[in-house]
Amino acid sequence: MSSFWKFHSSLLSPCRPVLCLIHPNSSQISSMFLLTENSCKAIPLDFVFVIDSSRSIRPNDYEKVKTFIINLLQFLEVGSDATRIGLLQYGSVVQPEFSLNTYTTKAEVEQAVRNMKHLASGTMTGLAIQYTMETAFTEEQGARPKSLHIPRIAMIVTDGRPQDTVEEIAAETREAGIQIFAIGVGRVDMNTLKTIGSEPHLEHVYLVANFSQIETLISVFQSKLCGEIDYCDLGNHGCEHNCVSVPDCVCKCRKGYTLRPDGKTCKNMDHCADGKHGCEQEFMSTEDSCVCKCRAGFTLQPDGKTCQKRLQHRWTKVQPTELVKQFVNGIVDSLNISRMGTHVGLLQYSTKVRTEFTLNQYSTVRDIKQAVTRMQYMGRGSMTGSALRHMYEFSFSAKEGARPNTPRVSIVFTDGRSQDDVSEWATKAKNSGTHIISVTIYTLGVGKAIEQELREIASEPDEKHLYYAEDFEKMGEITKKLKSRICTGTLHEAKIHCQTMTKQGLKNTKLEMSDIAMSKRLETLENQLVHK
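Right, dumping it as structure tokens:
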């Protein structure tokens, strides 16, 4: 019965339109229902019945469908300011019987249903869904504007396979804001019903053996249409993750998160905080557990805790410096580099900060990649805080090529703990100030990088802006994800993706990507062969 309650809640949601399609064929519907004397005071709906009137439906079953509709109407408050009812039937063609603005009383609707004639032709369900989406729910046909949040209802009852395709048009209908319920009668393919119905299917797809069993669904309408409203479905709960009705609404967080004191937003749960992880080298909190990590040059053992040094031959090892350069150039290849498009700058740091090139220095992919290739390793030391300060004060300045009203992105690359504080300048860079546009910061930690520092530097949410690789050779595994985030996530406010920008050459949306800030506490000596 709990699934029926959810079904009712979805039906009453003011945020979801719903379409009701009925394709009947089977035994008898009982008309013995415990009806209330007065219509229930449910919220207004725009409710369209779409009835399969194909030749596979016997005349007496067709009459039972009409009885089903009339009984269902008893639980609706029909009126121009209450629930509006429309109806169409279909076979090989679509035949509208009346629209949402044709009748304003329940008696008129009931009489129109009784006067319907059986078409006895094909089963063009896809065509009927298309008509319903494109015509039946238009304002010209009586549907109220979407700004009023009047639900539009969809429920499909079918006794067989459609003679046309339904998957694509049903998906379009759902995306248009119409919530579809699909009911199968008799020998119906469940996969077809799931293709038509909205998700979750448990709440939107039903299969009954015959029309005698449809009476149970009528009972659901009788007991639930006038019940309590699911407050989570009202759409104004403000929960960042999930809303649960108990019976009011309470916010819940997804796995791996805890609820903040405001009762609405969620934060990452640190599964490593108790210190009982037992990791030999490094550790990192994931969605549901604390996992052990090994430093560069080591491999995690089957016990998931200890690490073993990896043996590498001098002639096969790729230097980490070169892997970093490959990573940077891979990101550059995904951007639309030009004078009017994306500008890229790069600085490197150890105990000092060195600008390799500024935002306005190069305007072609070739020039930038050549500059990256020429870059020389600075040596040991990791003053990440100083690098962030330099980025904040200089790298995104007009003098170094930063443009006004342009999204700004920084990728901070580090492989170890900073020797100075990172929080102050990371916070300043991420928060809008009076003299600088806020910077979206992505962090990429490798090997010995400290998770807490990565979180302090990265923009929120962490899961979209923080990346970790066990060693330099595994950076390629996250390059694709990071490219996608930079292209789509950072430019969300500009409503544009990198691919679109490249194809259309838009000039008003440019990505300032200064600061592939890199910490390279790289080993200067290669691993030596260990002889047993």
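Per the working numbering, residue 78 is the first one in the sequence shown, and the count goes up by one each step.
The C-beta atom is built at its ideal place from N, Cα and C for all residues, glycine as well.
Ends of the alpha helix (DSSP H) at residue i?
{"i": "Asp-539", "result": "539-542"}
{"i": "Ile-445", "result": "442-451"}
{"i": "Val-190", "result": "183-191"}
{"i": "Met-267", "result": "267-273"}
{"i": "Asp-138", "result": "136-150"}
{"i": "Lys-370", "result": "Unbroken run through Lys-370 is the beta strand (DSSP E), 367-370; no alpha helix (DSSP H)."}
{"i": "Tyr-619", "result": "The structure shown does not extend to residue 619, since the chain spans only 78 to 609, so no value can be given for it."}
{"i": "Ser-500", "result": "500-507"}
{"i": "Thr-215", "result": "Where Thr-215 is concerned, there is no enclosing alpha helix (DSSP H), given that its DSSP letter is neither H nor E."}
{"i": "Ser-322", "result": "Per DSSP, Ser-322 belongs to no alpha helix (DSSP H); it is in the beta strand (DSSP E), 319-322."}
{"i": "Thr-461", "result": "461-467"}
{"i": "Thr-363", "result": "Element bounds for Thr-363: n/a, residue is neither H nor E."}
Between residue i and residue j, what straight-line distance do the alpha-carbon atoms span, to the nearest angstrom?
{"i": "Glu-154", "j": "Ile-233", "result": "22 Å"}
{"i": "Lys-505", "j": "Asp-497", "result": "16 Å"}
{"i": "Met-201", "j": "Leu-149", "result": "25 Å"}
{"i": "Gln-240", "j": "Lys-141", "result": "23 Å"}
{"i": "Gln-358", "j": "Ala-448", "result": "35 Å"}
{"i": "Glu-696", "j": "Pro-277", "result": "With the chain running from 78 to 609 in the structure shown, residue 696 is simply not present."}
{"i": "Lys-194", "j": "Asp-138", "result": "13 Å"}
{"i": "Thr-242", "j": "Ile-206", "result": "10 Å"}
{"i": "Gly-524", "j": "Val-368", "result": "14 Å"}
{"i": "Val-170", "j": "Ile-128", "result": "12 Å"}
{"i": "Glu-501", "j": "Asp-339", "result": "25 Å"}
{"i": "Thr-419", "j": "Leu-294", "result": "58 Å"}
{"i": "Val-395", "j": "Phe-549", "result": "Residue placement at Val-395 cannot be trusted, given a pLDDT of 46 that sits under 50; the coordinates are not used to answer."}
{"i": "Leu-516", "j": "Ala-535", "result": "As written in the sequence, residue 516 is Val, which differs from the Leu given in the question. For Val-516 and Ala-535, the distance between alpha carbons rounds to 10 Å."}
{"i": "Arg-372", "j": "Ser-472", "result": "31 Å"}
{"i": "Arg-532", "j": "Thr-272", "result": "41 Å"}
{"i": "Tyr-439", "j": "Asp-492", "result": "27 Å"}
{"i": "Ile-488", "j": "Glu-537", "result": "14 Å"}
{"i": "Gln-268", "j": "Ala-286", "result": "Residue 268 is actually Asn in this sequence, not Gln. Using only the alpha carbons, I get a separation of about 16 Å."}
{"i": "Glu-249", "j": "Tyr-544", "result": "35 Å"}
{"i": "Lys-611", "j": "Lys-382", "result": "What is shown of the chain runs 78 to 609, which leaves residue 611 out entirely."}
{"i": "Ala-213", "j": "Thr-179", "result": "12 Å"}
Please identify the residue among the options whose C-alpha is closest to the C-alpha of residue i.
{"i": "Arg-416", "options": "Asp-444, Thr-432, Gly-263 and Glu-399", "result": "Asp-444"}
{"i": "Leu-336", "options": "Ile-147, Gly-315, Cys-349 and His-542", "result": "Gly-315"}
{"i": "Thr-441", "options": "Met-455, Tyr-469, Arg-457 and Ser-411", "result": "Ser-411"}
{"i": "Arg-457", "options": "Glu-433, Met-468, Thr-428 and Asn-437", "result": "Thr-428"}
{"i": "Gly-199", "options": "Gln-172, Glu-359 and Gly-168", "result": "Gly-168"}
{"i": "Ser-131", "options": "Thr-181, Leu-196, Ser-536 and Ile-162", "result": "Leu-196"}
{"i": "Leu-164", "options": "Ala-464, Ala-231 and Asp-158", "result": "Ala-231"}
{"i": "Glu-547", "options": "Ala-189, Lys-560, Ser-536 and Leu-521", "result": "Leu-521"}
{"i": "Thr-181", "options": "His-281, Gly-219 and Asp-129", "result": "Gly-219"}
{"i": "Glu-477", "options": "Ile-488, Lys-446 and Thr-435", "result": "Thr-435"}
{"i": "Ser-459", "options": "Phe-258, Phe-490, Ser-474 and Ala-475", "result": "Phe-490"}
{"i": "Asp-158", "options": "Leu-177, Thr-144 and Gln-166", "result": "Leu-177"}
{"i": "His-281", "options": "Arg-372, Thr-483 and Ile-255", "result": "Ile-255"}
{"i": "Val-486", "options": "Pro-136, Phe-175 and Asn-508", "result": "Asn-508"}
{"i": "Asn-192", "options": "Thr-144, Ala-479, Tyr-208 and Phe-152", "result": "Thr-144"}
For residue i, list the residues DSSP reports as bridge partners.
{"i": "Gly-381", "result": "Paired residue(s): none; Gly-381 is not in a bridge."}
{"i": "Thr-235", "result": "Gly-261"}
{"i": "Tyr-545", "result": "Gly-522"}
{"i": "Ile-162", "result": "Phe-124"}
{"i": "Val-282", "result": "Ala-259"}
{"i": "Cys-356", "result": "Answer is none; Cys-356 lacks a bridge partner."}
{"i": "Val-401", "result": "Beta-bridge pairing links Val-401 to no other residue."}
{"i": "Tyr-334", "result": "Asn-345"}
{"i": "Ile-414", "result": "Thr-419"}
{"i": "Ser-198", "result": "Ser-131"}
How would you write the range of the beta strand (DSSP E) that residue i sits in, first residue to last?
{"i": "Val-421", "result": "420-426"}
{"i": "Val-170", "result": "That residue, Val-170, is in no beta strand (DSSP E); it is neither H nor E in DSSP."}
{"i": "Gln-256", "result": "256-262"}
{"i": "Arg-485", "result": "485-491"}
{"i": "Thr-432", "result": "430-434"}
{"i": "Lys-476", "result": "Looking at the DSSP string, Lys-476 is not in any beta strand (DSSP E), and its letter there is neither H nor E."}
{"i": "Cys-316", "result": "Here Cys-316 belongs to no beta strand (DSSP E), and DSSP marks it neither H nor E."}
{"i": "Lys-329", "result": "326-329"}
Ignore the nearest five residues each way along the sequence and tell me which others in residue i's own chain have a CB closer than 6 Å to its CB.
{"i": "Arg-331", "result": "His-318"}
{"i": "Ile-227", "result": "Pro-121, Asp-123 and Arg-221"}
{"i": "Ser-362", "result": "Asp-347, His-348 and Cys-349"}
{"i": "Glu-528", "result": "Met-361"}
{"i": "Lys-572", "result": "Since pLDDT at Lys-572 reaches only 34, below the 50 mark, its modelled position is unreliable, and no value is offered."}
{"i": "Val-321", "result": "Val-327 and Lys-329"}
{"i": "Ala-253", "result": "Met-210"}
Whose C-beta lies closer than 8 Å to the C-beta of residue i among residues of the same chain, with five residues either side of it excluded?
{"i": "Arg-264", "result": "Asp-236 and Gly-237"}
{"i": "Glu-216", "result": "Pro-222"}
{"i": "Lys-557", "result": "none"}
{"i": "Arg-562", "result": "Tyr-519, Lys-541 and His-542"}
Answer yes or no: does any C-beta atom of chain D fall closer than 8 Å to that of residue i?
{"i": "Met-210", "result": "Absence of chain D from the displayed structure is noted, only one protein chain being present."}
Under 7 Å Cβ to Cβ from residue i, same chain only, skipping five residues before and after it: list those, please.
{"i": "Val-430", "result": "Leu-424, Ser-463, Ala-464 and His-467"}
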